[in-house]
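3 is the number of the first residue of the sequence shown in this note's numbering; add one for each residue after it.
We treat Cβ as the ideally placed atom computed from N, Cα and C, and that holds for glycine.
Have a look at the structure below, then the notes.
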Amino acid sequence: MRRLRHLTGHHRTGTSNRVLGLLLAFNAGAVNAGGFLVVHLYTSHMTGFLSMLADHLVLGNMVLVLSALGALLAFISGAATTAVMVNWALQRKLHSSYALPLVLVALLMLVFGLVGAITLDWRTPFAVPMTVLLLSFIMGLQNATVTKMSSSQIRTTHMTGVVTDLGIELGKMLYWNRTGTALENQVRANQARLRLFAGLASVFLVGGIAGAAGFKHVGFVFVVPLALVLLALSLPPLWADRARLRRPLRKAGPARLPPIP
Numbered sequence: 003m004r005r006l007r008h009l010t011g012h013h014r015t016g017t018s019n020r021v022l023g024l025l026l027a028f029n030a031g032a033v034n035a036g037g038f039l040v041v042h043l044y045t046s047h048m049t050g051f052l053s054m055l056a057d058h059l060v061l062g063n064m065v066l067v068l069s070a071l072g073a074l075l076a077f078i079s080g081a082a083t084t085a086v087m088v089n090w091a092l093q094r095k096l097h098s099s100y101a102l103p104l105v106l107v108a109l110l111m112l113v114f115g116l117v118g119a120i121t122l123d124w125r126t127p128f129a130v131p132m133t134v135l136l137l138s139f140i141m142g143l144q145n146a147t148v149t150k151m152s153s154s155q156i157r158t159t160h161m162t163g164v165v166t167d168l169g170i171e172l173g174k175m176l177y178w179n180r181t182g183t184a185l186e187n188q189v190r191a192n193q194a195r196l197r198l199f200a201g202l203a204s205v206f207l208v209g210g211i212a213g214a215a216g217f218k219h220v221g222f223v224f225v226v227p228l229a230l231v232l233l234a235l236s237l238p239p240l241w242a243d244r245a246r247l248r249r250p251l252r253k254a255g256p257a258r259l260p261p262i263p
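Right under this line is the structure:
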């Protein structure tokens, strides 16, 4: 329980950030690739949706403009929700600052896994089914959580930045330092960052393969075990905060009615 609490708790270390980042990268890869088989969209790729928005504004295809706008707004709303939850918890010095949005991610993934097929028929004002908005919201929640907990060092729902940083470190590793170059002027790869970025990209790929295979052969319910693992990781900090979380409710108490004249 102590190890789990440290993994998603308020006090962060480089090791806990890396381990949780890898777990969430697998989760994002699975949800993103599996979701594509269902809705034919990669719901964590905001670059693609921004490009879609620009292209179809010019082409005048308002259906696809609305689709891209809906996914963008859902992702932004998820990130904003994380910011509200984390800052609320930090101000109250809770252990569960980062566990709270991850619990919400897990619960929404359970909804998607259990009733996702139904949400495919729920129409929205954005010309996409509710499933697309739900997945984009989940990805926004998760990416903002990892970003805040790692001080913007780790991203898990998209790999463009990760692969770029991996390439930079590989280039530094392959750089030929001339003989006689002073040690402080030599180009050296950061081995810790190299391992981190290589791990994130690899785990995202493995998660994508697992997600695609899972959705193909099992269906929506494939995400239920992923959600339960994430829920299990997030509950220990919440359990540690149970007294503090109940305190505001006790202070508020039942509303008092004015005396009857």
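Secondary structure at Ser46: coil, using DSSP grouped into helix, strand and coil. The beta carbon of Asn29 sits closer than 6 Å to those of Leu228, all from its chain and outside the five residues before and after it, given in chain order. Secondary structure at Ser98: coil, using DSSP grouped into helix, strand and coil. Only residues of its own chain outside the window of five on either side were considered, and among them Pro131, Met132, Thr133, Leu136 have a CB closer than 7 Å to the CB of Thr121, listed in chain order.
Sixteen is the threshold: since fewer than 16 other Cβ atoms of the shown chains lie within 10 Å of the Cβ of Asp123, the residue is exposed.
Setting aside the 5 residues that flank it on each side, Ala203 is surrounded in the same chain by Met161, Val164, Val165, Leu168, each with a C-beta closer than 7 Å to its C-beta; the list follows chain order. With 16 or more other Cβ atoms inside 10 Å of its own Cβ, Gln144 counts as buried.
Exposure of Ser53 is indicated by the presence of fewer than 16 other C-beta atoms within 10 angstroms of its C-beta.
Just so you know, the alpha carbons of Gly210 and Leu43 end up roughly 14 Å apart.
With distances taken between CA atoms, Thr84 lies nearest to Lys150 out of Val208, Leu112, Lys150. Beyond the five residues adjoining it in sequence on each side, Gln188 comes within less than 8 Å, by CB distance, of Asn179 in the same chain, given in chain order.
Of all C-beta pairs linking the region 47 to 66 to the region 92 to 111, fewer than three are shorter than 8 Å, placing the two stretches out of contact. Here the alpha carbon of Ala129 sits roughly 41 Å from the alpha carbon of Arg197.
Remark: C-beta atoms of Gly213 and Gly36 approach each other more closely than 7 Å. Ala73 sits close to Ser138, with the two beta carbons spaced by under 7 Å. Between Ile140 and Val223, the beta carbon gap of about 16 Å keeps them out of contact (Cβ cut-off 8 Å).
Counting along the chain, Gly72 sits inside the alpha helix (DSSP H) bounded by residues 64 to 93. Annotation for Val165: the continuous alpha helix (DSSP H) segment containing it runs 162 to 176. Your pair Ala146 and Pro239 does not check out as a contact, with CB atoms roughly 18 Å apart and the cut at 8 Å. Rounded to whole angstroms, the separation of the alpha carbons of Ala194 and Leu185 is 19 Å. The Cβ atoms of Ala91 and Val205 lie no closer than 7 Å to each other.
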